[in-house]
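Written out below as structure tokens is the structure these notes cover.
Residue numbers (my numbering): 5 to 218.
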């Protein structure tokens with residue numbers, strides 16, 4: 005691996021070795037300790053963790069399924085990749101917001117407002133978690149297991165985008181969440197869908213702007 009990173013495996017863990025290796029690698033990718041473009045070398049990781057290449061190979065395969073490793077390198081999405089991925093999110097989450105206005109119960113809608121409040125008052129970790137729950141609760145409102153599964157399989161990549169948006173304090177992020185919440189509370193599905201699509205388009209444009217200036 006081109007980047008010098010220390011690996012520590014908990015020998016007392018009862019979990020399968022490949023799962024523990026996967027969690028370690030995933031965490032280092034999501035925290036940026038293994039940056040995009042880093043080459044993943046099975047032998048070096050196996051030696052660092054004191055395991056055979058078999059659990060490493062299985063953990064890498066799992067990370068590939070999540071889109072975090074591509075062609076034996078930590079994912080570094082191109083602008084085209086980002087636009088393609090966000091176009092899927094915009095379609096699915098826009099539709100989900102429309103569904104949320106129809107199907108969410110009052111208590112579930114008020115939960116969305118709790119996430120908005122955390123977004124205004126919490127620390128970065130709390131904001132990240134509230135942001136994720138806000139979007140996930142709305143996606144689940146679609147009651148469409150295929151759509152939910154598609155978004156679930158994109159969660160790791162979405163996390164990387166979301167972290168940039170939160171760390172760099174994207175303007176009006178929480179205001180937009182509140183507007184979406186208000187439209188869902190008003191049972192205005194059409195407006196909720198429009199606002200969600202606009203929200204995600206703004207996320208994408210902000211992310212591309214930040215990346216172009218790094």
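The beta-carbon is built from N, C-alpha and C at its ideal position, and this holds for glycine as well.
Owing to the predicted nature of the structure, the values given are computational and were not obtained by experimental measurement.
For residue i, which residues of its own chain have a beta-carbon under 7 Å away from its beta-carbon, when the five flanking residues on both sides are left out?
i           : result
residue 135 : 123, 166, 170
residue 183 : 199
residue 105 : 187, 188, 191, 192, 193, 196
residue 220 : Summary: the structure shown does not reach residue 220, with the chain confined to residues 5 through 218, and so no result is reported for it.
residue 126 : 134
residue 155 : 96, 143
If you reduce the DSSP assignment to three classes, tell me which class residue i lands in.
i           : result
residue 209 : helix
residue 43  : strand
residue 6   : Legend: pLDDT at residue 6 = 44, less than 50; position of this residue unreliable, no value from coordinates given.
residue 74  : strand
residue 153 : helix
residue 38  : coil
residue 109 : coil
residue 52  : helix
residue 132 : helix
residue 190 : coil
Identify every residue that forms a DSSP beta bridge with residue i.
i           : result
residue 137 : Note: residue 137 sits in no beta bridge, so no partner.
How close, in whole Å, do the beta carbons of residue i and residue j come, if the pair is a contact with beta carbons under 8 Å?
i           : j           : result
residue 143 : residue 97  : 6 Å
residue 145 : residue 108 : 5 Å
residue 163 : residue 214 : Not a contact, Cβ separation roughly 16 Å.
residue 138 : residue 181 : 6 Å
residue 147 : residue 103 : 7 Å
Sorted by chain position, which residues of the same chain lie with C-beta nearer than 8 Å to residue i's C-beta, five sequence neighbours on each side aside?
i           : result
residue 212 : 83, 86
Using a Cβ cut-off of 7 Å (strictly closer), state whether residue i contacts chain C.
i           : result
residue 117 : Going by chain labels, chain C is absent from the structure shown, which holds only one protein chain.
Open item on the list: If contact is defined by three or more beta carbon pairs under 8 Å, each pair taking one atom from either stretch, is the segment 68-82 in contact with the segment 22-42?
Closed with: yes
Open item on the list: Taking contact to mean 3 or more Cβ pairs, one atom from each stretch, closer than 8 Å, check whether the segment 103-118 and the segment 68-75 are in contact.
Closed with: Counting Cβ pairs under 8 Å, fewer than three are found: no touch.
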